[in-house]
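Comments concern the structure below.
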Amino acid sequence: MDAQLLAFVPVAAGMVALPGADFTVVVRNALASRRSGIAAALGVAGGLLVHTALAVAGLAAVLVTMPVLFRTVQLLGGAYVLYLGVSVLYALRRRAAAGASAPEEAPGQKPMRPVRALRQGFLTNALNPKAPVLFLSLLPQFVPEGQPPLPRTLLLAALVVVLALLWFPAVALLVDRLGRRLRRPRTARAIEGGSGAALTALGLVLVTGSLVH
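In this text, residue positions in the sequence shown follow our numbering: the first is 2, and each later residue adds one.
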């Protein structure tokens, strides 16, 4: 393994582990159930696979060089993240108004079917408009001069997906492991409210950013 590849691993790991909408969606689903958390984690990795495939194929460059197309993707991604955040906050408010949370209950969201959690994780990542720019700006930096770019870029992209497959399921399993503490009514409400607020804020930033530019 050459020096540039060794240097790429921690950079890519930091990129994957950086808290954001992906992380929030995995944590929320893992709080509901282990299966939902793992499914959401796999969905996020699937979204990354789409972005890496686009980067390798060079299609991401087309997306970045076409402002209208990029803004459309940005708007769709922001709208979806905003929808998730508002849905969480609305569900919390509805439960609070109904007084449905008993002390022994876990007041978080009901477990999703794995397929739905998988789709949610996938869409959250696949509709992230910043990913193509990130991959296009990052991957070429680790292609040695004189080396064919396609095999190298493919290897780097595969490493990102592998890291995601390690990180996000690990997050889901950790949240599930700590589930008894995290699912205490007061703690669960705080996590649910925090994740809803974070998703809503991120969605607003993405939507308003796409409309302003």
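Note that beta-carbon positions come from the ideal geometry of N, C-alpha and C, so glycine has one too. Owing to the predicted nature of the structure, the values given are computational and were not obtained by experimental measurement.
Beta-carbon proximity list for residue i, same chain, < 6 Å, skipping 5 on both sides
i: A40; result: P115, A118, L119
i: V28; result: V176
i: V206; result: none
i: A18; result: W168
i: T154; result: V57, L140
i: E106; result: Only weak support exists for where E106 lies, its pLDDT of 43 falling under 50; the value from the coordinates is given anyway. Cβ within range, chain order: n/a, list empty.
i: R36; result: P115
Through-space distance from residue j to residue i, alpha-carbon basis
i: T201; j: P149; result: 42 Å
i: A198; j: G86; result: 6 Å
i: V45; j: F123; result: 5 Å
i: S88; j: A98; result: 15 Å
i: G195; j: E146; result: 45 Å
i: A8; j: P152; result: 18 Å
i: M67; j: L76; result: 14 Å
i: G180; j: A14; result: 25 Å
i: A80; j: V69; result: 16 Å
i: R95; j: A191; result: 15 Å
i: V12; j: R178; result: 28 Å
i: F24; j: T73; result: 24 Å
i: A166; j: Y91; result: The sequence given here has Leu at residue 166, not Ala. The straight-line gap from Cα to Cα measures roughly 31 Å.
i: L50; j: R187; result: 37 Å
7 Å Cβ shell around residue i - same chain, five flanking residues per side excluded
i: L83; result: T201, G204, L205, V208
i: V10; result: L160
i: Q5; result: F143, P145
Beta carbon of residue i nearer than 8 Å to that of residue j
i: L157; j: F169; result: no
i: P133; j: L32; result: no
i: G48; j: A127; result: yes
i: V57; j: T125; result: no
i: A42; j: V163; result: no
Distance cut-off 7 Å: residue i Cβ against heavy atoms of the ligand NAD
i: L175; result: The ligand NAD is not among the ligands present in this structure, which contains no ligands whatsoever.
Quiz item: Which runs of the alpha helix (DSSP H) fall wholly inside the stretch 140 to 191 and span at least 4 residues, in chain order?
Solution: Along the stretch 140 to 191, the alpha helix (DSSP H) occurs as fully enclosed runs of 4 or more residues at 150 to 178, 180 to 183, listed in sequence order.
Quiz item: Which residue spans inside the stretch 19 to 94 form an unbroken alpha helix (DSSP H) run of at least 4?
Solution: Look at the stretch 19 to 94 and you find these whole runs of alpha helix (DSSP H), each 4 residues long or longer: 22 to 33, 35 to 58, 60 to 66.
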